[in-house]
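Below is one structure, written out as structure tokens; the observations come after it.
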Amino acid sequence: MAVNLQVALGRLRLPNPVMVAAGTFGYGVEYRDLVDLTRLGAIVTKSLTLAPRMGNPPPRVAETPAGMLNTIGLQNDGVDAFLLETLPRLREYGVPIIVSVAGETLEEYVQVAAKVSRAEGVAALELNLSCPNQARGGMEFGVSAELTAQVVAAVRRAADLPLIAKLTPNLGDLTPVAQAAVDAGADALSLINTLLGVAVDAQTRRFRLSSKVGGLSGPAVKPIAQYHFWRVRQALPNTPLIGVGGISTPDDALEYILLGAHAVQIGTANYVQPTTALEILDGIHNYLQQHGFESLDALRGLVG
Amino acid sequence: MSRYELPAVVVEHQRRGANLYELILHAPPIAERATPGQFVMVRAVRTHAPLWRRPYSILRANPDKGVFSILYSVQSAFTELLAMKRIGSTVQILGPLGSYFQPVRAARRHILVAGGVGAPPLCFFAARLAPTLTPDEHLLILAGARSSEMLVGLDEFRALGAQVRIATDDGSQGYQGYVTDLLAQALDDPLETAVYACGPNRMLRTAADICLARGVPCQISLDAPMPCGVGVCLGCAIPVRTPDGGVWYKRACAEGPVFWAEEVVWQ
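Heads up: the sequence lines are chains A and B, in that order. All you need for the numbering used here is the position in the first sequence, starting with 1, plus 39. All you need for the numbering used here is the position in the second sequence, starting with 1, plus 54.
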């Protein structure tokens with residue numbers, strides 16, 4: 040039986056639902072010799088800011104039980120270097136490219152998005168709403184429905200590309216923020232970004248990250264991510280949603296699809312096994328065949 | 055850049071010390087391309103905890119037999135899993151990765167400073183360097199550890215015809231004190247020298263300071279927490295000097311692990 044893995048997230052059409060998540064796959068080209076990039080549903084790039092960013096001092100990462108904390112601090116080459124040097128190389132693979140847009144101010148998001156939208160060969164923008172807001176003492180943009188709506192609306196006006204808002208889980212109820220993002224013009228939502236956490240080293244009697252607080256990811260976060268995903272799914276039954284958080288096996292991805300995901304993103308698992316996204320793609324394909332589903336539409340939302 | 059992600063078969067698993075084991079793996083593409091100073095990312099078993107692969111410097115490589123080996127001591131959940139690996143089983147390997155030691159051809163004396171479990175990449179380097187030396191070039195190994203049973207690779211260094219000097223913190227073998235004291239002493243001899251060092255970062259900093267103060271070229275292999283090993287996660291950032299006098303980060307896994315001492319900004 041032929042299986043159709045194509046997905047549509049509003050205007051954004053992808054050959055399959057398995058993407059690699061922002062910040063976990065570099066700019067894509069770094070893995071070209073280890074992973075067949077042409078088979079990915081999409082590559083979400085490392086988040087880009089207007090100017091190159093140095094990032095945070097080490098230590099930047101710490102392994103935690105079934106997970107990891109990071110405080111990379113948005114180290115990146117800046118949007119201009121990406122558009123000039125990296126994007127042309129990445130375009131050659133023909134894989135949909137989703138550019139992750141970051142900013143410390145509303146204006147920065149808008150400027151980065153506008154620059155990217157003028158380039159050739161970008162399929163969509165994903166707004167990283169976990170960035171620290173300079174005007175509000177470093178609070179994440181995405182914890183406020185009002186700020187989220189402002190960023191989404193401003194980027195919407197500045198860039199004519201499908202727009203994905205990536206939600207932070209670092210608030211009790213994501214649904215008001217999710218609703219605000221959609222009302223302001225987001226075509227789809229990714230959830231969740233990393234959870235705030237700390238880790239302490241009993242031997243050195245210090246925090247294990249330079250910034251003390253970092254973002255938790257990996258298998259440990261999956262139940263929390265799926266909880267938020269499920270609640271937002273219930274509140275916004277018609278919005279295309281992308282499940283992110285703790286996916287490392289085909290079953291992890293299928294669980295999000297059963298909860299109503301149109302697509303999934305693989306993050307931390309890329310570090311452990313660079314070919315994870317392709318293994319998951321094959322696993323989803325086999326599952327659909329074995330269980331007699333012709334497409335993901337038949338599977339999506341069966342658990343609700 | 056040629057690197058591979060593959061299952062490597064355990065062909066031998068040998069005890070090398072009180073708590074020191076050598077895992078010999080069959081993986082011809084990696085054995086053929088491995089250069090001293092490079093490392094592999096190892097995954098013993100598919101587990102969520104421990105989650106990350108671990109970086110291991112390559113101890114030796116035999117391209118003819120298609121094998122290479124790593125050295126480890128059992129001290130964590132990860133190394134307990136590694137210790138359970140039987141001959142014929144596989145471990146998942148990603149490599150060879152990172153930068154490597156570059157022989158300084160102008161030097162008449164090559165000093166390798168090995169701190170504890172930092173010795174493996176220097177064993178590999180010594181094995182490849184020794185046959186290339188001219189009669190007027192010397193190879194001196196300075197090996198340090200907390201205690202004598204934690205010294206690594208001494209027999210192999212000696213078998214290469216290298217002179218070996220030892221320092222232990224507890225005085226159980228050789229000089230009692232830091233291996234970097236031996237380095238400072240050795241550099242009193244004005245012979246044209248190059249230094250190559252691997253060990254704890256504190257030892258490397260001291261070695262780098264000693265060499266820089268005397269204008270001796272020095273390469274150091276730095277360790278950092280390393281989730282991906284291939285330069286994408288930016289977790290293993292090492293502060294380095296930029297040409298314009300500023301500071302930026304390089305990646306221990308990609309531009310490193312071997313750096314020139316003068317590049318590194320110690321914090």
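Beta carbons: idealized from backbone N, C-alpha and C, even for Gly.
Practice prompt. Below 8 angstroms CB to CB, which residues in the same chain sit around Gly117 of chain A once its five sequence neighbours on both sides are set aside?
Written response: As a working note, residue 117 of chain A is residue 78 in the first sequence. Taken in chain order, the residues that qualify are Leu87, Thr88, Leu89, Ala90, Pro91, Arg92.
Item to complete: Give me the Cβ distance between Val206 of chain B and Leu79 of chain B, rounded to the nearest whole Å; I'm assuming they're in contact under 8 angstroms.
Response: For the purposes of this step, residue 206 of chain B is taken as residue 152 along the second sequence, with counting starting at 1. For the purposes of this step, residue 79 of chain B is taken as residue 25 along the second sequence, with counting starting at 1. By a beta-carbon distance limit of 8 angstroms, Val206 of chain B does not contact Leu79 of chain B. Their separation comes to about 18 angstroms.
Item to complete: Please compile the residues from chain A whose C-beta is within a distance smaller than 9 angstroms of the C-beta of Val284 of chain B.
Response: Position 230 of the second sequence, counted from the first residue, corresponds to residue 284 of chain B. Result: Gly65, Glu69, Tyr70, Leu73, Tyr310, Pro313.
Practice prompt. Would you decide whether Ser143 of chain B is buried or exposed? Buried here means 16 or more other CB atoms lie within 10 Å of its CB.
Written response: The residue you call residue 143 of chain B lines up with position 89 of the second sequence. Residue burial is scored here from C-beta neighbours: Ser143 of chain B has fewer than 16 other C-beta atoms within 10 angstroms and is therefore classed as exposed.
Worksheet entry | Local conformation of Arg247 of chain A per DSSP, three classes | As a working note, residue 247 of chain A is residue 208 in the first sequence. Arg247 of chain A: coil per DSSP, three-state reduction.
Fill in: Local conformation of Val161 of chain A per DSSP, three classes
Position 122 of the first sequence, counted from the start, is the residue given in the question as residue 161 of chain A. Coil.
Item to complete: Return the bridge partner residues of Gln146 of chain B from the DSSP annotation.
Response: In the second sequence, counting from the first residue as 1, residue 146 of chain B sits at position 92. Looking at the DSSP assignment, Gln146 of chain B forms a beta bridge with B:Pro61, B:Arg97.
Item to complete: Would you list the residues sitting across from Tyr126 of chain B in a DSSP beta bridge?
Response: Here residue 126 of chain B refers to the residue found at position 72 of the second sequence. In DSSP, Tyr126 of chain B forms a bridge with B:Tyr75.
Discussion item. By the three-class DSSP mapping on this structure, what secondary structure does Thr103 of chain A have?
Written reply: Residue numbering aside, residue 103 of chain A sits at position 64 when the first sequence is read from its first letter. Here Thr103 of chain A carries a strand assignment [DSSP, helix/strand/coil].
Worksheet item: Would DSSP call Trp106 of chain B helix, strand or coil?
Response: Residue numbering aside, residue 106 of chain B sits at position 52 when the second sequence is read from its first letter. In the three-state scheme derived from DSSP, where H, G and I count as helix and E and B as strand, Trp106 of chain B is classed as coil.
Discussion item. With DSSP as the reference, identify every bridge partner of Glu179 of chain A, one or two as the case may be.
Written reply: Working through the first sequence from its first residue, we reach residue 179 of chain A at position 140. Glu179 of chain A pairs with A:Pro171.
Worksheet item: Among all the DSSP beta bridges, which residues are the ones paired with Asp240 of chain A?
Response: Your numbering for residue 240 of chain A matches position 201 in the first sequence. DSSP, once it has assigned bridges, lists A:Arg245 as partnering Asp240 of chain A.
Worksheet item: For the segment 272 to 302 of chain A, which segments carrying the beta strand (DSSP E) assignment without a break, of at least 3 residues, lie completely within its bounds, in sequence order?
Response: Counting only runs of 3 or more, we get 280 to 283.
Practice prompt. Pull up the DSSP beta-bridge partners for Ser229 of chain A, would you.
Written response: Your numbering for residue 229 of chain A matches position 190 in the first sequence. Answer by DSSP bridge pairing, in chain order: A:Lys205, A:Ile281.
Discussion item. On the CB-based measure, 16 or more other CB atoms within 10 Å of its CB, does Gln45 of chain A come out buried or exposed?
Written reply: Numbered from its first residue, the first sequence carries residue 45 of chain A at position 6. It is exposed - the Cβ of Gln45 of chain A has fewer than 16 other Cβ atoms within 10 Å.
Practice prompt. Given a cut-off of 8 angstroms, decide if Pro98 of chain A and Pro279 of chain B are closer than it, judged by their beta-carbon atoms.
Written response: Within the second sequence, the letter at position 225 stands for residue 279 of chain B. Within the first sequence, the letter at position 59 stands for residue 98 of chain A. For the 8 angstroms CB-CB criterion, Pro279 of chain B and Pro98 of chain A form a contact.
Worksheet item: Among B:Leu166, B:Cys265, B:Leu276, which one has its Cα closest to the Cα of Pro254 of chain B?
Response: Position 200 of the second sequence, counted from the first residue, corresponds to residue 254 of chain B. Residue nearest to Pro254 of chain B within the set B:Leu166, B:Cys265, B:Leu276 is B:Leu276 (criterion: CA-CA distance).
Worksheet entry | Limits of the unbroken beta strand (DSSP E) element including Gln217 of chain B | The count along the second sequence starts at 1 and reaches residue 217 of chain B at position 163. From DSSP, the beta strand (DSSP E) with Gln217 of chain B extends over 217 to 222.
Worksheet item: Can you check whether the CB of Arg70 of chain B is closer than 8 angstroms to the CB of Leu135 of chain B?
Response: For the purposes of this step, residue 135 of chain B is taken as residue 81 along the second sequence, with counting starting at 1. For the purposes of this step, residue 70 of chain B is taken as residue 16 along the second sequence, with counting starting at 1. Taking 8 angstroms as the Cβ cut-off, Leu135 of chain B and Arg70 of chain B do not qualify as a contacting pair.
Worksheet item: Leaving out the 5 sequence neighbours to the left and right, which residues in its chain are closer than 7 angstroms to Ala261 of chain B when beta-carbon positions are compared?
Response: Mapped onto the second sequence, residue 261 of chain B falls at position 207. Here the set comprises Val167, Thr234, Leu237, Val249, Ala251, Cys272, Ile274.
Worksheet item: Does any heavy atom of the ligand NAD sit closer than 7 angstroms to the C-beta of Val171 of chain B?
Response: As far as ligands go, the structure on display features none, and thus does not contain the ligand NAD.
Fill in: 8 angstroms Cβ cutoff, Glu102 of chain A in contact with chain B
Along the first sequence, one-based indexing puts residue 102 of chain A at 63. Yes, Glu102 of chain A lies at the interface with chain B (some Cβ there is under 8 angstroms from its Cβ).
Worksheet item: So Ser287 of chain A packs on Thr314 of chain A, CB below 8 angstroms; how close in whole Å?
Response: Within the first sequence, numbered from 1, the residue matching residue 287 of chain A stands at position 248. Within the first sequence, numbered from 1, the residue matching residue 314 of chain A stands at position 275. At roughly 12 angstroms, the Cβ-Cβ gap does not stay under 8 angstroms, so Ser287 of chain A and Thr314 of chain A are not in contact.
Item to complete: Quick one: list the residues of chain B neighbouring Gln114 of chain A, beta-carbon separation under 7 angstroms, in chain order.
Response: The residue given as residue 114 of chain A occupies position 75 in the first sequence. The contacting residues are Leu288, Tyr303.
Worksheet entry | Start and end residues, beta strand (DSSP E) containing Gln273 of chain B | In the second sequence, the residue the question calls residue 273 of chain B occupies position 219. For Gln273 of chain B, the enclosing beta strand (DSSP E) begins and ends at 272 to 275.
Discussion item. Please list the terminal residues of the continuous beta strand (DSSP E) segment that includes Ala292 of chain B.
Written reply: Indexing the second sequence from 1 puts residue 292 of chain B at position 238. Residue identity check: residue 292 of chain B is Ile in the sequence provided, not Ala. Here the beta strand (DSSP E) through Ile292 of chain B covers 291 to 295.
Worksheet item: How would you call Thr243 of chain A, buried or exposed, if buried means at least 16 neighbouring beta carbons within 10 angstroms?
Response: Here residue 243 of chain A corresponds to residue number 204 of the first sequence, with the count starting at 1. Taking all protein chains shown into account, Thr243 of chain A has fewer than 16 neighbouring C-beta atoms within 10 Å of its C-beta and is therefore exposed.
Worksheet item: Count the other CB atoms within 10 Å of the CB of Met138 of chain B; is the residue buried (16 or more) or exposed (fewer)?
Response: What you label residue 138 of chain B is simply residue 84 of the second sequence in a count that begins at 1. The residue is exposed, with fewer than 16 neighbouring Cβ atoms inside 10 Å.
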